[in-house]
Every structure is written in structure tokens, then in C-alpha cells.
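Only one structure is covered here, and it is reproduced in the block below.
Numbering (UniProt numbering), first residue to last: 1 to 296.
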């Protein structure tokens with residue numbers, strides 16, 4: 001049922017005057033008459049008695065009036081609730097990120113943005129890197145922070161924030177631990193501890209080893225960086241890890257050594273092309289204006 005007709009009915013029940021109701025609702029007397037007749041047709045009753053240029057409520061109208069007022073009130077409440085929800089949604093950003101994001105300066109940029117815009121709420125959720133783009137395209141989040149090696153997707157746009165390189169993570173005392181740079185081929189006989197297939201680092205590590213002329217002997221593959229670092233410390237093997245992630249672990253029991261060859265990759269914020277919430281646009285503009293604050 002059209003709530004506009006009910007508003008006309010309620011107002012006319014107060015004024016009992018078509019002209020006055022038309023003025024109250026910023027319309028014409030003819031339109032008021034049409035709305036009342038349409039409502040009477042919907043309900044199958046007469047709502048007003050018309051005689052001698054005066055109108056009065058019928059018995060059916062007296063019965064209908066409190067229901068009409070309740071419906072109008074409920075409609076107003078519904079509209080207000082939906083408006084409040086949409087306003088809150090427009091000020092909320094759902095961001096999914098790789099688990100190692102705190103290792104990067106981009107994480108600090110989020111903190112600074114939220115300090116500058118306390119009205120915006122950021123919902124952060126860690127997700128395995130292989131699934132981030134899928135979640136973004138499925139509408140499960142609005143923005144992702146991900147590592148990209150070969151970015152080529154016409155449906156997405158990105159802001160490259162910083163870069164990172166693979167390093168060899170070796171136990172303290174390893175024969176190559178003091179090298180300034182290491183040719184990966186020298187590790188071909190080592191036991192490798194690497195991040196597994198559910199991360200986007202597995203394939204690049206395998207590719208780097210193949211480019212160096214060998215297939216790595218994998219003693220462990222998993223998703224927990226901290227466990228791999230602990231295993232290296234315990235002299236259970238070596239690893240290839242992103243430099244900024246490895247440096248997040250403070251220990252004298254392992255060393256990181258740069259490699260003579262690497263695979264280029266970017267840490268970036270990514271979103272779909274098209275229309276976005278006001279908070280999303282605000283954050284995206286902030287990133288573009290402050291990307292130069294982050295070193296490569």
C-alpha cells in the first residue's frame with residue numbers, strides 16, 4: 001500500500017478541508033481528491049462523507065485512521081533505519097589483507113588515515129593471499145592489500161605503495177651467513193622451509209630456484225611465517241622470505257642475505273573500478289596523496 005495515500009488520508013482527517021490539506025502537502029486540491037479516491041478503491045470502502053461543501057469521516061475511516069497512522073510511523077522508522085545504515089556503510093571500509101601486512105609501512109598509513117578521519121571505520125580481515133582478489137571481485141570486501149607479481153586485470157585498479165625483495169634466511173653460523181650477496185644456486189643442496197601453495201609466494205620461490213638451475217628439496221611448507229623462522233633458528237633448513245617480513249622477526253639465531261637475482265613484486269592497495277562509498281573514495285585519495293611518504 002502506498003504510504004503517500006495514507007499521509008493524504010491522515011492529513012485530510014485532521015483538516016477536513018481539501019484545500020488546506022493540499023497546501024499542507026504542497027500539491028493541488030485535485031491531486032488530493034485523486035489520492036483519496038485511489039485509497040478508497042484500494043480499501044474497498046468510503047472514507048469521507050461529502051455533503052454541503054463539508055466532509056466528515058465515515059465509520060470505516062475512524063476504524064482505519066489509527067492503522068494508517070501506525071503504518072506511516074513504521075514507514076518513517078524504516079526509512080530512518082535504512083538511511084542510518086547506509087550512512088554508516090558509507091563511512092565503513094572493509095579491507096582484506098595479507099597476514100604479513102603489519103610488516104609494511106602501508107599499515108602505518110592506515111593508522112594515520114583513521115586518526116585524521118575518526119568518522120571512518122575500518123574493518124580489517126586477514127586472508128590468504130591466493131584468495132584476496134577472488135574476495136574483492138565477489139564483493140566480500142571493498143579494498144585489498146596484496147602482493148602482486150604480474151598485475152594485469154582490466155577490472156581492477158591499484159596504488160603501488162612499496163616494493164620488497166626475497167632474501168635467503170639462514171641459520172646463524174651457516175657457511176654463507178656472512179655473504180654480502182648470495183647466488184641462490186649455492187643453496188641447491190639445502191633443505192628448504194617455505195610458504196605453501198595457499199600463499200602467492202610458493203610459485204615465485206619455485207621459479208627462482210628453477211632459474212638458478214635446481215628444484216628445491218622442500219622439508220616443510222605451510223602458512224605460518226613465525227614457525228618457518230623458528231625452524232630456521234633451530235637449524236632445520238633454510239628459507240626464502242620477503243625481506244621486510246623477515247626483518248620483523250628480531251633474533252640473533254638467523255641472518256638474512258640478499259640474493260644476486262630476484263623477482264620483482266609490489267605491495268599495493270587494489271579495488272574494483274567503478275563507483276565506491278564516500279569512505280572508500282576518501283581513503284583512496286589519501287593513499288594517492290601520501291604514497292610518496294613510503295619508501296620502496
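A virtual CB, placed ideally from N, CA and C, is assigned to each residue, including glycine.
Since the structure is predicted, the reported quantities are computational estimates derived from the model, not experimental observations.
Between the CA atoms of residue j and residue i - distance to the nearest angstrom
{"i": "residue 236", "j": "residue 210", "result": "22 angstroms"}
{"i": "residue 161", "j": "residue 136", "result": "18 angstroms"}
{"i": "residue 169", "j": "residue 193", "result": "10 angstroms"}
{"i": "residue 289", "j": "residue 109", "result": "11 angstroms"}
{"i": "residue 242", "j": "residue 181", "result": "15 angstroms"}
{"i": "residue 52", "j": "residue 4", "result": "27 angstroms"}
{"i": "residue 38", "j": "residue 68", "result": "15 angstroms"}
{"i": "residue 11", "j": "residue 275", "result": "40 angstroms"}
{"i": "residue 102", "j": "residue 214", "result": "33 angstroms"}
{"i": "residue 45", "j": "residue 27", "result": "24 angstroms"}
{"i": "residue 293", "j": "residue 92", "result": "24 angstroms"}
{"i": "residue 203", "j": "residue 151", "result": "15 angstroms"}
{"i": "residue 148", "j": "residue 222", "result": "20 angstroms"}
{"i": "residue 287", "j": "residue 263", "result": "25 angstroms"}
{"i": "residue 314", "j": "residue 41", "result": "Lying outside 1 to 296, the shown extent of the chain, residue 314 is not represented and no answer is given."}
Three-state secondary structure assigned by DSSP to residue i
{"i": "residue 215", "result": "coil"}
{"i": "residue 272", "result": "strand"}
{"i": "residue 198", "result": "coil"}
{"i": "residue 5", "result": "helix"}
{"i": "residue 42", "result": "helix"}
{"i": "residue 239", "result": "strand"}
{"i": "residue 279", "result": "helix"}
{"i": "residue 156", "result": "strand"}
{"i": "residue 247", "result": "coil"}
{"i": "residue 16", "result": "coil"}
{"i": "residue 228", "result": "helix"}
{"i": "residue 25", "result": "coil"}
Check whether residue i and residue j have beta carbons under 7 angstroms apart
{"i": "residue 217", "j": "residue 164", "result": "no"}
{"i": "residue 212", "j": "residue 179", "result": "no"}
{"i": "residue 146", "j": "residue 36", "result": "no"}
{"i": "residue 273", "j": "residue 157", "result": "yes"}
{"i": "residue 167", "j": "residue 256", "result": "yes"}
{"i": "residue 171", "j": "residue 249", "result": "no"}
{"i": "residue 115", "j": "residue 94", "result": "no"}
{"i": "residue 198", "j": "residue 104", "result": "no"}
{"i": "residue 268", "j": "residue 159", "result": "yes"}
{"i": "residue 187", "j": "residue 195", "result": "no"}
{"i": "residue 16", "j": "residue 55", "result": "yes"}
{"i": "residue 238", "j": "residue 281", "result": "no"}
{"i": "residue 303", "j": "residue 47", "result": "For the chain, the structure presents residues 1 to 296; residue 303 sits outside this window and is missing."}
Classification of residue i by the beta-carbon crowding that lies within 10 angstroms, buried from 16 upward
{"i": "residue 82", "result": "exposed"}
{"i": "residue 9", "result": "buried"}
{"i": "residue 96", "result": "buried"}
{"i": "residue 106", "result": "buried"}
{"i": "residue 119", "result": "exposed"}
{"i": "residue 251", "result": "exposed"}
{"i": "residue 127", "result": "buried"}
{"i": "residue 13", "result": "buried"}
{"i": "residue 265", "result": "buried"}
{"i": "residue 78", "result": "exposed"}
{"i": "residue 21", "result": "buried"}
Closer than 7 angstroms to chain B by CB, residue i
{"i": "residue 198", "result": "Going by chain labels, chain B is absent from the structure shown, which holds only one protein chain."}
Segments of 3+ residues assigned as beta strand (DSSP E) that fall wholly inside the stretch 61-100:
92-97
Just to confirm the assignment: which complete beta strand (DSSP E) runs, minimum length 3, are found wholly within the stretch 104-192?
121-126, 143-148, 156-163, 166-171
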